[in-house]
Amino acid sequence: MDQTEIDRVRAEYAERVKGPGKFEGEPACVAYYFDRMLDGGQDETIYEGEDPCDIFIVSDEDRAIFGADLPYAIAIWQDNSGFCCSRFFDDAAELDAARAECEAQDDSADE
Numbered sequence: 455m456d457q458t459e460i461d462r463v464r465a466e467y468a469e470r471v472k473g474p475g476k477f478e479g480e481p482a483c484v485a486y487y488f489d490r491m492l493d494g495g496q497d498e499t500i501y502e503g504e505d506p507c508d509i510f511i512v513s514d515e516d517r518a519i520f521g522a523d524l525p526y527a528i529a530i531w532q533d534n535s536g537f538c539c540s541r542f543f544d545d546a547a548e549l550d551a552a553r554a555e556c557e558a559q560d561d562s563a564d565e
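Under the numbering used here, the first residue of the sequence shown carries the number 455, and numbering increases by one thereafter.
In structure tokens:
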């Protein structure tokens with residue numbers, strides 16, 4: 455991806471998160487990952503109860519588009535009102551802890 459394409463993608467997603475709507479209050483990269491999720495591009499899907507949460511491991515290309523300060527991974531999901539939400543993970547250990555937390559909630563719900 456050349457710089458012109460990077461600038462175009464960055465501007466497109468920055469525009470999508472402006473103002474009220476599905477991505478209100480979220481950084482531009484969340485709208486980008488949401489589109490990737492719709493195309494099946496997530497790295498993993500975990501469930502909190504019945505609700506899916508899609509995990510994306512941030513790539514060097516993603517950092518070229520949205521900045522070097524992106525975390526290790528990003529989780530996105532939709533709330534009951536249809537708004538997109540996100541959680542950022544600084545490293546693999548933090549992501550693993552979140553996975554374990556979801557699994558523990560599922561196990562306790564099954565009892």
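Think of the CB as a built atom: it goes at the ideal place given N, C-alpha and C, for glycine as much as any other residue.
{"Item": "Ser516 to Asp545 span [Cα, whole Å]", "Value": "The displayed chain sequence assigns Asp, not Ser, to residue 516. Cα to Cα, Asp516 sits roughly 16 Å from Asp545."}
{"Item": "Residue(s) in a DSSP beta bridge with Tyr501", "Value": "Pro506"}
{"Item": "Residue interval of the beta strand (DSSP E) (run including Ala522)", "Value": "No beta strand (DSSP E) contains Ala522, which DSSP labels as neither H nor E."}
{"Item": "Pick from Cys538, Phe537, Ala527, Glu459 that is closest to Arg553, judged by C-alpha positions", "Value": "Ala527"}
{"Item": "Span separating the alpha-carbon of Asp508 from that of Phe488", "Value": "9 Å"}
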